[in-house]
Structures are given as structure tokens and as C-alpha cells.
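Notes for the one structure printed next.
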Amino acid sequence: MFDNRFHARLKNSLLAISSLLFLLLMAACGGGTPEDVSFDLTIADGAVAGGNSTFVADQGDTVTLNLTSDVHGNALLHGYDLKLDVGPDQPSTMTFLADATGRFSIEFHAAADDGHDDHDHDHGAEDFTLGALEIRPR
Amino acid sequence: MKRPLLLGVLGAIGLAVLMPSTAFAHGFGDRYDLPVPLGLYMSAAGAAVVLSFVLIGIFARRDIGDRYPQKNLRQWKAVRLLGHPVTLELVRVLSALGESVLFSALTFIVYLLAGLFGTEDPNGNLVPTMTWVVFWVGFAYVSALVGDIWALTNPWKIIFGYAEALTWKATGRDLARYEPYPERLSAWPAVLLFLIFAWVEIVYTGSGVPFNIAALALAYSVVTLLGMWWFGREEWLRNGEVFTIVFGFLAAFAPTQIKEPTDDGVSTDLGFSVRPWGAGLLAIPQPALPRAVLLVLMLATVSFDGFVETGTWTEILLDFFPAFSFLGANAFSGITTIGLILAPLVFFGVFALTAWLMGWLVNSSLSSMELVRIFVFSLVPIALAYHIAHFFSFLMIQGQRMFSLVSDPFEWGWDLFGTADYAIDIGVVNAHFVWFLSIAAIVVGHIVAVYVAHVYALRAFPGKGDAVRSQYPMLVLMAGYTMVSLWIVAQPIVEA
């Protein structure tokens with residue numbers, strides 16, 4: 001009725017492949033101790049200096065973002081939902097523990113905002129992406 | 001007397017559509033997926049290809065026939081438990097709850113009210129999360145992995161059915177007109193409606209605004225209820241109710257099938273059958289052309305949805321912007337709309353070509369269109385696997401919003417269940433787990449697809465050795481489709 005050898009062979013193949021993938025995943029594991037890392041972003045002339053970058057850190061690191069801007073506004077790190085006011089002559093810093101993995105975009109909202117919550121308004125013309133922060137698993 | 005309301009709703013929708021807003025495209029909600037690393041991506045691609053050849057080799061050497069794996073499941077205690085009267089009673093109770101008019105109508109009314117009158121904040125309002133996370137993503141998962149939940153909970157089906165029962169009791173007559181459904185019309189209304197839905201999900205920048213969603217849902221309700229009234233409930237569900245058909249496609253993959261009691265006066269027990277995942281694809285009847293087109297449309301839009309989040313698409317948008325600058329602020333929407341129309345056309349074209357090649361290789365008398373219809377369902381596992389890979393984190397993270405939303409759906413400061421202050425945990429799933437799940441799903445989906453296609457081939461080309469020979473073009477197509485899925489999950493997500 002049902003060909004058990006076929007089923008067994010298929011199962012073995014799948015098992016072999018998943019084991020291989022699992023091993024590769026474990027090999028991709030960096031391990032190591034948590035570090036302090038910091039990244040600098042400069043906002044000038046309506047864009048981020050050097051273009052959008054992807055900043056990379058590992059899970060468990062303490063991440064510091066240093067921002068300088070020629071206009072007033074706030075920078076928002078999505079996911080972690082951390083907001084930082086920035087402006088001329090006001091280098092601003094946010095420091096946090098990167099305990100969740102993922103890729104999180106960093107956006108700039110120009111000041112014209114009057115205390116709105118970060119997500120509940122349409123992005124205006126002066127809003128733009130500063131880059132993304134990738135927190136990789138260990 | 002109905003017209004002013006209809007006009008009002010249409011007007012509101014028209015305004016909402018014409019007003020360029022810059023809220024999220026792609027349904028709603030942030031995604032924080034980390035791109036799958038290159039090594040994993042390559043391994044998965046390699047595994048998919050190698051296993052395909054292993055499978056073809058096995059098929060070539062053995063006459064498996066078109067029987068699907070039918071283990072005597074009753075030998076497993078867990079399965080015997082499923083047949084236990086207690087389990088069946090549980091299924092009956094849950095089904096009854098899902099189907100209950102009160103639950104369904106109440107939920108739908110709260111949903112509409114929240115969208116129309118609740119807060120405009122997409123994150124604080126029940127509607128965007130319930131639509132794009134719970135319904136579009138969540139129900140797809142459940143439909144494919146558990147069973148056809150939409151057939152059970154479809155609010156329009158339930159509400160209309162209740163109205164019919166009331167009318168019958170009160171007047172002894174049918175509510176619906178039961179006009180004959182034009183045969184040539186078939187499922188084309190659903191194709192059109194799905195195209196509109198896909199446009200709203202992928203292109204429309206106002207797709208996260210609660211009011212817009214509720215207005216569209218209201219319009220769709222009108223269309224659906226009118227269709228049911230004119231042609232009869234079942235006839236419309238079969239041909240025009242988009243979600244019944246689309247979730248039905250996915251449910252063909254599911255391990256359960258609930259046979260509902262027929263309403264021809266004979267009350268039968270709720271039938272509940274269990275089968276391996278994917279086996280249902282071997283038992284469904286061949287779709288007619290409009291249904292096959294709808295399936296292709298669904299598959300193409302699932303992939304296109306992921307594609308528009310890649311850096312490659314951003315480059316395409318920038319390249320074509322000058323040609324579309326006459327649209328002003330809507331230029332990107334215009335380009336994406338063209339893409340949305342082209343994607344299924346390209347998909348269909350490539351698939352039709354593959355079908356033609358298959359027929360040619362074995363000298364089959366079947367036409368390419370017939371072959372398209374015969375084989376189209378074998379692609380479902382690949383799309384499903386990609387859908388699982390692409391949306392798992394999204395469901396796990398954004399889905400958590402429901403905990404606070406059920407307590408305060410309008411964001412009016414309520415706390416009905418005490419969970420209004422629940423804060424979502426973005427660390428709930430680790431990237432390692434998501435990567436592994438994603439590529440495992442994609443590889444397994446590919447294998448199931450190859451298997452299902454082979455069974456279809458055995459039925460279509462009974463000649464000795466023909467089935468295997470016919471599958472080489474299909475293998476190339478599926479490998480290509482799987483590679484596209486892998487490529488997309490390996491790309492960093494680019495916010496529009």
C-alpha cells in the first residue's frame with residue numbers, strides 16, 4: 001500500500017539537511033562578551049552626512065548613538081521606540097541595552113511637531129530615514 | 001433611500017484615496033526582520049535543489065502512484081485523542097462559537113465602529129492591527145496550518161444566514177432572490193476584488209488609517225451582502241467573496257477539514273477529518289480558469305509584497321521616477337501600481353510557458369491552459385512557505401498589540417480586560433529562530449510542491465516515464481520561485 005522505504009528516505013534526507021542547517025546556524029553563532037559600541041550620525045542640509053548607513057551591533061551590547069543636527073527635531077529608533085531631541089549646538093546621545101535582535105530603522109522628524117507621539121502622525125515632508133541599526137544574534 | 005448612504009461612503013472612500021498621505025504602505029506595522037545571512041541562504045538554496053533531484057530520482061525509479069502518504073494515523077495515541085468524543089465536542093463548541101451570530105456580528109460591528117469613530121492613531125486603534133496582522137496574516141497561517149477558519153467565522157456569511165433564517169421564520173419566504181449566476185462570470189468578480197484588495201495592501205499609502213480601512217470594509221460589506229441577496233448566499237460565496245476563495249485555497253493545504261451540516265433540511269453531524277499537511281492539495285478538483293487566475297494573482301502579490309520592501313525596488317522607483325513625475329506626490333504609488341499589475345502577468349506568462357513545455361516534452365494532447373489549471377495548485381506550498389518565513393516575526397511582534405487593543409479598541413481610555421497597558425516585547429523571537437524557521441519552511445515548502453506536482457503529472461500523463469520527463473520544466477520553475485523567496489528574505493528591509 002504505502003512505500004515505507006520512500007518515506008524513510010525522504011525523512012532521512014530532510015533530517016540530514018535540517019541538521020546541516022542547524023550546524024551552520026550554530027557555527028554562525030559569534031559568542032563572545034557584550035561590548036560597548038557607539039555610532040555617530042550627523043544631520044546636515046536635510047540629509048544624513050555620508051548617506052544612510054547600517055550600524056551593526058551584537059545582542060547584549062550597550063549601544064550609544066551620538067547625533068548632531070543643524071536643525072531642530074527628534075530622532076526615533078523604531079522597535080526600541082527611543083526618541084532623542086536634537087538640534088544645532090546640542091550634540092545628543094542615547095544609550096541603551098540592545099537586548100532584542102532585529103533591524104530597526106532610525107528616523108528623523110523635523111521639529112514642527114508639538115508633542116505628538118512618534119507614530120501617530122503622517123510623516124511630513126521634512127522627515128527622512130537616517131539609517132538602520134542591526135542587532136545581530138550572538 | 002439607500003443611495004445617499006452609498007454615495008456618502010463612496011465619497012468618503014474617494015476622498016481618502018485621492019488625498020496623498022504618507023502613512024505606511026504595505027498594510028500596516030513596522031517589521032524588524034534581520035536579513036537571512038548569506039551562508040544560510042546559499043545552504044537553503046543548495047538543499048532545495050539537491051532534494052528536488054533526490055525526489056525526482058526516487059520517483060523515476062519507483063512507481064509511487066498517485067497515492068499520498070496515508071499512514072494509519074490511528075496507531076498514534078495523539079491522533080486517537082482527536083477522535084475522542086471530548087475532542088469532537090470541543091470542536092463542536094468552538095465551531096459553534098465561531099459561527100455564532102452574536103460573536104461574529106458583535107466583533108464586526110465593534111471593528112467598524114472603532115475604525116469610523118475611534119482614534120486616528122493606527123497603533124492605538126483596533127482596526128489596522130486586526131485587519132493586517134490578525135486577519136490577513138494570522139488567518140492565512142491558521143487556514144493553511146490548522147483549518148479553514150474563515151469558512152467558520154465569515155461575518156457576512158453568518159449575518160446573511162441569520163437574516164435568511166429570520167425572514168423565513170417571519171414570512172415563510174426566501175430572503176435571497178436566487179437569480180441565476182451567469183456561468184461565464186464565474187469567479188471573475190473575486191479576481192477583480194482581490195486586485196483591489198492587493199492594491200490597498202501594497203500600494204495605498206493610507207492603508208494603515210483606521211477610518212479608511214473601516215470605510216473600505218463597509219463598502220465591501222455592501223457588495224458582498226448585495227451579491228448574496230441577488231444570487232443566493234452559497235453562489236456568491238463560491239464566486240464573489242474573495243476571502244472565502246483565497247483562504248479556501250490555503251485551507252486545501254491544512255491538515256483538517258470540517259464538513260459543515262448541509263442546509264437542505266437534513267441535519268448532519270459536523271464532520272471533522274484529519275490528513276497530512278499538503279495532502280488536501282491532492283484531493284481538490286481542478287480549478288476553472290478564473291479560479292486559477294485568482295490563485296496566480298494571490299501567489300504573485302505575496303511575492304511582490306516582499307519585493308517592494310527590498311533595496312532593489314527602491315532603485316527601480318528612483319529609476320522610473322522621472323517618467324512618472326507628472327503624478328507628483330503619487331509618482332511612487334503609480335509605479336508600484338504598474339508593478340502590481342505586471343507581477344501576476346509575468347508570473348502567469350512564465351507559468352503558461354512552463355505548462356506548454358511540459359505538454360510538448362511528452363506530446364500531450366492537453367492544451368497549455370488546461371495544464372496551467374492542472375498544475376497551478378502545486379505552487380501553493382512555495383507561496384505558503386514564503387508567507388510563513390516573511391511574516392512570522394511580524395505576527396509575533398505586532399500581533400502582541402492585540403492584547404492592549406482588546407481592552408481599549410477605540411483608544412478612549414478603556415481597560416475592558418485589564419490589559420490596556422500591555423507593552424509589546426520586540427525580543428519575543430530571536431533572529432536565529434526566525435532564520436531557521438524561514439529557511440526550513442522554504443525548503444520544505446519546495447519539496448512538498450515538487451511532490452504534489454509529480455502526483456498531478458502522474459494523473460495528467462499516464463504514459464510510462466512521461467510524468468517524470470514532464471517535470472523538468474516544472475522543477476526549473478519551482479527552483480526559480482523558491483530562489484526568489486530566499487532572495488527576498490535575505491534582503492534588508494528598506495522602509496519606503
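These protein sequence lines map, in sequence, to chains P and X.
The first sequence runs 1 to 138 under our numbering.
The second sequence runs 1 to 496 under our numbering.
Ideal Cβ placement from N, Cα and C applies to all residues, glycine included.
Model, not experiment: these values are computed from the prediction.
Check                                                                                                                                                                                         : Outcome
Just the C-alpha distance for T42 (chain P) and A385 (chain X), rounded to the nearest angstrom, thanks.                                                                                      : 41 Å
Residues in the region 93-104 of chain P with C-beta within 8 Å of chain X's C-beta atoms, listed in sequence order?                                                                          : D99, A100, T101, G102, R103 and F104
For Q59 (chain P), which three-state DSSP category applies?                                                                                                                                   : coil
Leaving out the 5 sequence neighbours to the left and right, which residues in its chain are closer than 8 Å to L345 (chain X) when beta-carbon positions are compared?                       : none
Can you check which of these residues, P:G50, P:D89 and P:V37, is closest to L130 (chain P) by C-alpha distance?                                                                              : P:G50
Within 9 Å (strictly less), CB to CB, does P34 (chain P) reach chain X?                                                                                                                       : no
Relative to chain P, which residues along the region 122-148 of chain X have a C-beta separation below 9 Å, given in chain order?                                                             : P122, N123 and G124
In whole angstroms, what separates the C-alpha of A100 (chain P) from that of L77 (chain P)?                                                                                                  : 13 Å
Can you tell which of X:F253, X:P155, X:A48 and X:V428 has the C-alpha that lies nearest to the C-alpha of I447 (chain X)?                                                                    : X:A48
So is H72 (chain P) in contact with chain X if we call contact Cβ pairs under 9 Å?                                                                                                            : no
Which residues in the same chain as P504 (chain X) place their Cβ atom closer than 6 Å to its Cβ, once the five residues preceding and following it in sequence are excluded?                 : Within the shown structure, residues of chain X are numbered from 1 to 496, placing residue 504 (chain X) beyond reach of any answer.
Going by other Cβ atoms of all chains shown within 10 Å of its Cβ, with 16 needed for buried, is M42 (chain X) buried or exposed?                                                             : exposed
I want to see whether chain X comes within less than 9 Å of A44 (chain P), judged by CB atoms only; does it?                                                                                  : no
Of all Cβ atoms in chain P, is any one closer than 9 Å to the Cβ of I159 (chain X)?                                                                                                           : no
Please confirm if L395 (chain X) has its CB atom under 9 Å from at least one CB of chain P.                                                                                                   : no
At 8 Å on the CB atoms, spell out the chain X contacts of H78 (chain P), in chain order.                                                                                                      : D30 and Y32
Any beta carbon from chain P within less than 9 Å of N430 (chain X)'s own beta carbon?                                                                                                        : yes
Excluding the five sequence neighbours on either side, which residues of its own chain have a C-beta within less than 8 Å of the C-beta of V429 (chain X), listed in chain order?             : F392, S393, M396 and I397
Enumerate in chain order the residues of its own chain whose CB-to-CB distance from D127 (chain P) is below 7 Å, with the five nearest sequence positions on each side excluded.              : E107, F108, H109 and A110
Tell me where the beta strand (DSSP E) around D40 (chain P) begins and ends.                                                                                                                  : D36 to A44
In the DSSP assignment, find the beta strand (DSSP E) that holds A132 (chain P) and state where it starts and stops.                                                                          : F128 to R136
Whose CA, out of P:G46, P:F39, P:A132 and P:R136, lies closest to the CA of G73 (chain P)?                                                                                                    : P:G46
Quick one: give me the first and last residue of the beta strand (DSSP E) that A110 (chain P) is part of.                                                                                     : G102 to A110
With 16 as the cutoff for other CB atoms within 10 Å, does S69 (chain P) come out buried or exposed?                                                                                          : buried
Specify whether the region 415-430 of chain X and the region 147-155 of chain X touch according to this definition: at least 3 beta carbon pairs, one from each stretch, less than 8 Å apart. : no
Let me check understanding here. Comparing Cα to Cα, which of X:Y481, X:H84, X:V350 and X:R177 lies closest to P381 (chain X)?                                                                : X:Y481
In three-state terms, what does DSSP make of S333 (chain X)?                                                                                                                                  : helix
Residue range of the alpha helix (DSSP H) that K157 (chain X) falls in?                                                                                                                       : P155 to T171
By the criterion of Cβ-Cβ separation under 8 Å, what are the contact partners of T129 (chain P) in chain X?                                                                                   : E495
On a CA-only basis, which of X:S273, X:G463, X:L317 and X:I245 is nearest P290 (chain X)? Give me that one, please.                                                                           : X:I245
If you draw a straight line from the alpha carbon of A57 (chain P) to that of F117 (chain X), how long is it in whole angstroms?                                                              : 43 Å
Name, in chain order, the residues that DSSP records as bridge partners for D85 (chain P).                                                                                                    : P:N74
Roughly how many angstroms lie between the CA atoms of L65 (chain P) and A431 (chain X), to the nearest whole one?                                                                            : 22 Å
Starting from the beta carbon of F341 (chain X), find every residue of chain P whose beta carbon is closer than 7 Å, and list them in chain order.                                            : Looking at the sequence itself, residue 341 (chain X) is Ile, so the reference to Phe does not match. Under the 7 Å cutoff, chain P gives no residues; its nearest Cβ is about 26 Å from I341 (chain X).
Count the other C-beta atoms from every protein chain shown that fall within 10 angstroms of the C-beta of D415 (chain X), then say buried if there are 16 or more, exposed otherwise.        : exposed
Counting pairs of Cβ atoms below 8 Å between the region 216-234 of chain X and the region 160-168 of chain X, do you hit three or more?                                                       : yes
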